[in-house]
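Counting the sequence shown from 1 gives a position; the numbering used here is that position plus 173. Step one of this worksheet: look at the structure below.
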Amino acid sequence: MEIKISPFHIRVPEKTLMSDLDIFKQKAIELGAAGAEIIEASQLVVDERVRLKCTIPRCLRAGETPNCPPYLPDLDFIRKAFARYSYAVLFKTLIAPIEEFTPGHTKDKNGLDHTLLFHLKTSKIVYEVEKLAYQKGYYLAMGLGGGSCKDYLCHGQVCQYKDSGRCRFPHRARPAMEAMGIDVFDIIRKVGWDAYPLLDAPEKIPCATSVGMVFIY
Ligand code: SF4
């Protein structure tokens, strides 16, 4: 698809906005998403309990990157910022085969734990959809992924930002939706998707997904 660069939008006619949102949704599908939906930003719930779950019990990555708590903005600021958006594109990618991504199950020939990588595809789509939206004039487009950039980008190495102040992937690394306090399972249910706990019995899980989102306007 040839991309037409647009001037930055200040006010977008509703018809243009709806048509562009559809283009961004299709882009997510083209890039490998198993589903994508246009959502109203007001459908998102930011909940203190979700943020608490980053530290109780403590996620391996809490405090290990600037994209994880406690380094992210407080939830009142996040609520105010999210309230300025009208629409976002939400998408999901399938995690398959599930057994390779079940905690502790499979390492590849380089000894890399696949469990750490299941948000990688989601992060690529977040980046590309946000870029396309920016090119089409939505200069406040902002994408969030799932999981920690320390896993899906830096493969568990020491965070270079925390070590020396220079992130290895400054444009690709994003906070997870859940790290921003978004109740991801709530929005998944609202759009009619299913999610199951990814634990250590893959044969009992009908499907596993990773979810990402790009605020557009
Ligand atoms: S250096 Fe790696 S772990 Fe640190 S913020 Fe950047 S992507 Fe994340």
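Where a beta carbon is used, it is the ideal one built from N, C-alpha and C, also for glycine.
- Shown here, Ile-355 sits in a strand according to DSSP, grouped into three states.
- In this structure, Cys-322 has its CB closer than 7 Å to one or more heavy atoms of the ligand SF4.
- Counting along the chain, no beta strand (DSSP E) covers Val-331, and no H or E run does either.
- In the three-state reduction of the DSSP assignment, Thr-238 falls in the coil class, being assigned neither a helical nor a strand state.
- Each residue's CA atom was taken as its position, placing Pro-239 and Leu-245 some 7 Å apart.
- CA-to-CA, the gap between Lys-309 and Glu-301 works out to about 12 Å.
- At a threshold of 7 Å, Cys-327 counts as near the ligand SF4, since its beta carbon sits closer than that to one of the ligand's heavy atoms.
- Residue environment for Glu-213: exposed (fewer than 16 other C-beta atoms within 10 angstroms of its C-beta).
- Apart from sequence neighbours up to five positions away, the residues of its chain that approach Asp-359 with a beta-carbon distance below 6 Å are Val-218, ordered along the chain.
- A distance of 8 Å or more separates the beta carbons of Gly-338 and Ser-383.
- In this chain, the alpha helix (DSSP H) harbouring Val-223 covers 221–225.
- Between the ligand SF4 and the CB of Gln-199, the shortest heavy atom gap is not smaller than 7 Å.
- For the set Lys-304, Pro-348, Tyr-369, the Cα lying nearest the Cα of Arg-224 is the one of Pro-348.
- Rounded to the nearest whole angstrom, the C-alpha separation of Ile-251 and Phe-291 is 26 Å.
- The beta carbons of Glu-210 and Val-357 sit about 13 Å from each other, so the pair does not count as a contact at 8 Å.
- In the DSSP assignment, Ile-211 falls within the beta strand (DSSP E) that extends over 208–213.
- Its Cα nearest to that of Glu-351, the residue Ser-321 stands out among Tyr-325, Leu-372, Ser-321.
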